[in-house]
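Have a look at the structure below, then the notes.
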Amino acid sequence: MATKTTAPWVFPEPTPISRIPVTEVFPQIEDGSWPAKAVEGEAFPVRATVFREGHDAFGVHAVLTNSAGEEKDRRKMVDIAPGLDRYETFLRADEPGAYYFHIEAFSDPYATWVHDASVKIAAGVDVDLMLAEGVALFDRVLAGEVKPYPPKSESAKYQLSASAREHLVQTRKQLADDSLAPQERLSAGLSGATRKVFSDYPFMDLVTKSRRFPVQVDRSRALTGNWYEVFPRSFGAHRDEQGAWVSGNFRGLIPALDRIEQMGFDVLYLTPVHPIGTTFRKGKNNSLEASATDPGSPYGIGSPEGGHDAIHPDLGTFDDFDALVAAAKAHGMEVALDLALQCSPDHPWVKEHPQWFSQRVDGTIAYAENPPKKYQDIYPLNFDQDPEGIYQAILAVILKWIEHGVTIFRVDNPHTKPLIFWQRLLREVRQSHPEVLFLAEAFTRPAMMRTLGAVGFHQSYTYFAWRTGKQEILDYFWEVSHETDHLMRPSFWPTTHDILTPQMTAGGRNMFAIRAVLAATGAPTWGIYSGYELVESEPRPGFEEQNDNEKYEYRPRDFAAGDHFGIADLLTKLNQAKAEHAALRQLRGFVALPSTSDDLVAFLKYVPATLSADGQSDAVIVVVNLDPQNVKEGMVGVDLSKLGVDTSQGTYQVRDLLDGHEYTWGSENYVRLDPNERVAHVFSVLPK
394 MATKTTAPWV
404 FPEPTPISRI
414 PVTEVFPQIE
424 DGSWPAKAVE
434 GEAFPVRATV
444 FREGHDAFGV
454 HAVLTNSAGE
464 EKDRRKMVDI
474 APGLDRYETF
484 LRADEPGAYY
494 FHIEAFSDPY
504 ATWVHDASVK
514 IAAGVDVDLM
524 LAEGVALFDR
534 VLAGEVKPYP
544 PKSESAKYQL
554 SASAREHLVQ
564 TRKQLADDSL
574 APQERLSAGL
584 SGATRKVFSD
594 YPFMDLVTKS
604 RRFPVQVDRS
614 RALTGNWYEV
624 FPRSFGAHRD
634 EQGAWVSGNF
644 RGLIPALDRI
654 EQMGFDVLYL
664 TPVHPIGTTF
674 RKGKNNSLEA
684 SATDPGSPYG
694 IGSPEGGHDA
704 IHPDLGTFDD
714 FDALVAAAKA
724 HGMEVALDLA
734 LQCSPDHPWV
744 KEHPQWFSQR
754 VDGTIAYAEN
764 PPKKYQDIYP
774 LNFDQDPEGI
784 YQAILAVILK
794 WIEHGVTIFR
804 VDNPHTKPLI
814 FWQRLLREVR
824 QSHPEVLFLA
834 EAFTRPAMMR
844 TLGAVGFHQS
854 YTYFAWRTGK
864 QEILDYFWEV
874 SHETDHLMRP
884 SFWPTTHDIL
894 TPQMTAGGRN
904 MFAIRAVLAA
914 TGAPTWGIYS
924 GYELVESEPR
934 PGFEEQNDNE
944 KYEYRPRDFA
954 AGDHFGIADL
964 LTKLNQAKAE
974 HAALRQLRGF
984 VALPSTSDDL
994 VAFLKYVPAT
1004 LSADGQSDAV
1014 IVVVNLDPQN
1024 VKEGMVGVDL
1034 SKLGVDTSQG
1044 TYQVRDLLDG
1054 HEYTWGSENY
1064 VRLDPNERVA
1074 HVFSVLPK
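With our numbering, you'll find the sequence shown wraps up at 1081, consecutive numbering, no jumps.
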């Protein structure tokens, strides 16, 4: 009977494990194939599981290098889970670029000797041997036999400062002096001064390096910003003498920049500015029948006047656009442009490249759908038909707008396009224009949202608008700041031109204030849609979006009439708080605080001095009343160890950044919030 052939019992040779094992390294994406995220000046966490055989001591460092291999940061890692061998530290790059980090583990002969000698000499066991081994250890140190710190080359020797060397020479002399009592000899090797030398100059043996893991460090705007969204055609729009609408334009938007700047917004986000098609043009509130005067949706891009690389004639020319960009820059704002990769039936691409679109069996081109919504005025691109042609056309569009000063693109529905397309496009744009940023507008499944960030999107829209209860808010803030922080950077929006949740409709002015506080303090990047300061909250029947939606009509606003709401003043104070406090401009450093009321959300944002770019600690305590109608009160607990100030007396001072009032706080604090007076406290923890 023939022997049955089976597969080999042994896999190919595995990657060798290191002398001192380093496993479960974080952050890494797809086993280090894609870079993790960081920004200039931001401390990002590095973790690894490190252990070794036996009982000898070891040390662990995390090391950051640039693409040329030059060491830029090195930090000692500490055990954050005793018994589980999980080590952590934070690294920081001071400027944007491509970086790598690796973990260095090493045997620590000094720490091993300290432990063994202390235990044995105290017990009277191997006293002379322990002291002799200490002398031998110091001889190795003074001879420079072990790797230097930091290691400069494989052949370099351990280097000590003159004062450190002199101290170790005297310590070695006392350790070897058998005329002294054993405990006196040992005390020299264990003294605080000796321990400091070995802390400053770790004595590293059996040095093990993990492989390198990539980190993309972006400019700070990739992490933090205050966005203000506008439809340019509404600014300056008016009716003529016959009652017909006259469109606003780029020049009409420029006078509004003073007001937007005064509120503290630093990103001016423009919805699409391109020519709009007339075929199947949508009318008021997305109706299928448009009148002759309906301007159509800016997302129905393309007409005989041009496509994504053109400007709607009503808005002006490229000279006018350039003037708007220059004016925004003079007001301290960057311009973000909507990138909606879809076409109206009148787009030049439909005629020139019909193969770029999906054909249905009846010969028509498939329009966009998001059941029950239908978008007959929009043709999606089919990226599997002539993908190279589509790629080059879109790249050309992006490069043209970059030439005209656009530094940020808000990408509409990126989850409906292939990820392989985005990965290539974002990488290529980054290589030629590393300052340019992309925000993913993808309210979709978690896996797609996370992966869009992982393949290169700098920022991501989130589920913030639908997180409304106390626990789900705190859980979500923790998730985006500590679980997905290496993959995607969140952008919090209370409303958009597409989103008006039921709580915003029902809660009125106070809910608009509540959600603004949560958005501005919960994430480093947040934004509002123009009209938020007027508490626009009338829903279109049957839909979670604004009635008389600006996507389909002009909507000029009298912003002065909305001053009585006080929202503009609140927005200004929130943005000012962000400008003054690094804790609110960082994604990490979030801690949920306990409160005794189900309607009081409390949390702490903090940056320790050891992790801040300027060496100063910063902490902000936020308490929000989620009930827009009723007074809520309760106790709020605070972990004093996170505050970065002297709390030895059990108290500390806080200042409310929304009204300037100061209070004395401790570990347990009474809070009462009447939403008709104030919906929240945003406390700066004051140094003494």
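A virtual CB, placed ideally from N, CA and C, is assigned to each residue, including glycine.
As the structure is a computational prediction, the values presented were derived from the model and not from experiment.
**Prompt:** My guess is that Q852 and A615 are in contact by the Cβ rule of under 8 Å, so how many angstroms apart are they, rounded?
**Reply:** Working through the sequence shown from its first residue, we reach residue 852 at position 459. Working through the sequence shown from its first residue, we reach residue 615 at position 222. Confirmed, Cβ separation roughly 7 Å.
**Distance, S627 Cα to Y854 Cα** = By 1-based counting over the sequence shown, the position of residue 854 is 461. By 1-based counting over the sequence shown, the position of residue 627 is 234. About 24 Å.
**Prompt:** What separation, rounded to the nearest whole angstrom, lies between the Cα atoms of H631 and L964?
**Reply:** The residue you call residue 631 lines up with position 238 of the sequence shown. The residue you call residue 964 lines up with position 571 of the sequence shown. C-alpha separation (whole angstroms): 28 Å.
**Prompt:** Between the stretch 491-510 and the stretch 446-458, do at least 3 Cβ pairs fall closer than 8 Å?
**Reply:** The answer is yes - the stretch 446-458 touches the stretch 491-510, with three or more Cβ pairs under 8 Å.
**Prompt:** If you drop the 5 nearest sequence neighbours on each side, which residues of the same chain put their C-beta closer than 6 Å to that of A858?
**Reply:** Translated into the one-based positions of the sequence shown, residue 858 becomes position 465. Result list for A858: I892 and T894, in chain order.
**Prompt:** Can you tell me whether DSSP reads R860 as helix, strand or coil?
**Reply:** Taking the sequence shown and counting its residues from 1, the one referred to as residue 860 is at position 467. When DSSP states are grouped into helix, strand and coil, R860 belongs to the coil group.
**Request:** Check each candidate in R479, I921 and F850 and name the one with the smallest Cα separation from V471.
**Result:** Within the sequence shown, residue 471 is the residue found at index 78, counting from 1. Between V471 and the set R479, I921 and F850, the nearest pair of CA atoms involves R479.
**Prompt:** Per DSSP, what kind of secondary structure is N1062 in: helix, strand or coil?
**Reply:** In the sequence shown, residue 1062 corresponds to position 669, counting from 1. Three-state DSSP puts N1062 in a strand.
**Prompt:** Between P428 and E796, what straight-line distance do the alpha-carbon atoms span, to the nearest angstrom?
**Reply:** Residue numbering aside, residue 428 sits at position 35 when the sequence shown is read from its first letter. Residue numbering aside, residue 796 sits at position 403 when the sequence shown is read from its first letter. CA-CA distance, P428 to E796, rounds to 27 Å.
**Prompt:** With DSSP run on the structure shown, which of helix, strand or coil describes Y493?
**Reply:** Locating residue 493 in the sequence shown gives position 100, counting from the first residue. Per DSSP, reduced to three states, the secondary structure at Y493 is strand.
**Prompt:** Quick one: any contact between the stretch 553-563 and the stretch 581-597, if contact means 3 or more CB pairs under 8 Å?
**Reply:** Between the stretch 553-563 and the stretch 581-597 there are three or more C-beta pairs closer than 8 Å, enough to call the two in contact.
**Prompt:** Buried or exposed: where does W1058 fall if 16 or more other Cβ atoms within 10 Å of its Cβ makes it buried?
**Reply:** The residue given as residue 1058 occupies position 665 in the sequence shown. Of the residues assessed, W1058 falls on the buried side of the cut-off, its CB having 16 or more other CB atoms within 10 angstroms.
**Asked** If you check the beta carbons only, do H808 and L845 fall under 8 Å apart?
**Response** To locate residue 808, count along the sequence shown from 1; it is residue 415. To locate residue 845, count along the sequence shown from 1; it is residue 452. Yes, the Cβ-Cβ distance between H808 and L845 is below 8 Å.
**Item:** Residues near G725 by beta carbon distance below 7 Å, same chain, minus five either side
**Value:** Residue mapping note: residue 725 aligns to position 332 of the sequence shown, counting from 1. Taking C-beta separations shorter than 7 Å and ignoring five residues to either side along the sequence, the partners of G725 in its chain run E654 and D659, following chain order.
**Message:** Looking at the secondary structure, which residues open and close the alpha helix (DSSP H) in which Y922 lies?
**Reply:** Walking along the sequence shown from the start, residue 922 turns up at place 529. In this chain, Y922 is not harboured by any alpha helix (DSSP H); it is covered by the beta strand (DSSP E) spanning T918 to Y922.
**Message:** Is it the case that the stretch 1025-1033 contacts the stretch 988-998, given that we only count it when at least three CB pairs across the two stretches are under 8 Å?
**Reply:** These segments touch.
**Message:** Once the 5 residues before and after P811 are set aside, which same chain residues still bring their CB inside 6 Å of it?
**Reply:** By one-based count along the sequence shown, residue 811 stands at place 418. In the same chain as P811, and ignoring 5 residues on each side of it, the C-beta atoms closer than 6 Å to its own belong to F776, in chain order.
**Request:** Scan the stretch 640-722 and note each continuous beta strand (DSSP E) run of 3 residues or more that stays entirely inside, going in chain order.
**Result:** The qualifying runs are 660-663.
**Prompt:** Leaving out the 5 sequence neighbours to the left and right, which residues in its chain are closer than 7 Å to D731 when beta-carbon positions are compared?
**Reply:** Stepping through the sequence shown from its first residue, residue 731 is reached at position 338. If we look at D731 and ignore the five residues flanking it on each side, its Cβ neighbours are L663, T664, P665, R803 and D805.
**Asked** Going by DSSP, what residues sit across from Q735 in a beta bridge?
**Response** As a first step, residue 735 must be located in the sequence shown, where it is residue number 342. Beta bridge pairing from DSSP links Q735 with P773.
**Prompt:** Does the distance from the CB of K944 to the CB of H879 come in under 8 Å?
**Reply:** On the sequence shown, residue 944 is found 551 positions in, with the first residue counted as 1. On the sequence shown, residue 879 is found 486 positions in, with the first residue counted as 1. In this structure, K944 keeps its C-beta atom at 8 Å or more from the C-beta atom of H879.
**Prompt:** Relative to the C-alpha of K793, which residue among D715, V534, A486 and L977 is closest?
**Reply:** Mapped onto the sequence shown, residue 793 falls at position 400. If we check each option's Cα against that of K793, D715 comes out closest.
**Request:** Identify the continuous beta strand (DSSP E) that holds M1028 and give its terminal residues.
**Result:** Position 635 of the sequence shown, counted from the start, is the residue given in the question as residue 1028. K1025 to G1030 is the span of the beta strand (DSSP E), which, as asked, contains M1028.
**Request:** Would you list the one or two residues that DSSP bridges to N459?
**Result:** Reading the sequence shown from its first residue, position 66 is the one you call residue 459. Checking the DSSP bridge columns, you'll see N459 partnered with Y492.
**Message:** Let's test the definition: count the other Cβ atoms within 10 Å of the Cβ of V1024 and tell me whether it reaches 16, buried, or not, exposed.
**Reply:** Indexing the sequence shown from 1 puts residue 1024 at position 631. It is exposed - the Cβ of V1024 has fewer than 16 other Cβ atoms within 10 Å.
**Item:** Assigned exposure category for S500 - 16 Cβ within 10 Å defines buried
**Value:** Start at 1 with the first residue of the sequence shown, and residue 500 comes out as number 107. By the 10 Å Cβ count, S500 comes out buried.
**Message:** At 3 residues or longer, what runs of the beta strand (DSSP E) sit wholly inside the stretch 774-843?
**Reply:** The DSSP assignment places complete beta strand (DSSP E) segments of no fewer than 3 residues inside the stretch 774-843 at 801-805 and 830-834, in order along the chain.
**Request:** Helix, strand or coil for I413, going by three-state DSSP, please let me know.
**Result:** Numbered from 1 along the sequence shown, position 20 holds the residue referred to as residue 413. Coil, per DSSP.
**Asked** In terms of DSSP beta bridges, what is D472 paired with?
**Response** By one-based count along the sequence shown, residue 472 stands at place 79. Y480.
**Straight-line Cα distance separating H826 from P1080** = Counted from its first residue, the sequence shown places residue 1080 at position 687. Counted from its first residue, the sequence shown places residue 826 at position 433. If you draw a straight line from the Cα of P1080 to the Cα of H826, it comes to about 41 Å.
**Request:** Could you check the C-alpha separation between I771 and A761 for me, to the nearest Å?
**Result:** Position 378 of the sequence shown, counted from the start, is the residue given in the question as residue 771. Position 368 of the sequence shown, counted from the start, is the residue given in the question as residue 761. Rounded to whole angstroms, I771 to A761 spans 6 Å at the Cα level.
**Asked** Given L561, which residues of its chain have a CB within under 8 Å of its CB, disregarding the five upstream and five downstream residues?
**Response** The sequence position of residue 561 within the sequence shown is 168, counting from 1. Close CB contacts of L561 within its chain, under the 8 Å cut and outside five residues either way in sequence, are with F531, V534, L535, L553, T587 and V590 (chain order).
**Message:** Comparing C-alpha positions only, which one of W742, I813 and P773 sits nearest to R753?
**Reply:** Numbered from its first residue, the sequence shown carries residue 753 at position 360. When each option's Cα is compared against that of R753, the closest is P773.
**Message:** Taking the beta strand (DSSP E) that N1018 belongs to, which residues open and close that run?
**Reply:** In the sequence shown, counting from the first residue as 1, residue 1018 sits at position 625. Segment D1011 to N1018, the beta strand (DSSP E) holding N1018.
**Asked** So, do the stretch 643-651 and the stretch 676-687 have three or more beta carbon pairs nearer to each other than 8 Å?
**Response** Contact between the stretch 643-651 and the stretch 676-687 is absent, because fewer than three Cβ pairs lie under 8 Å.
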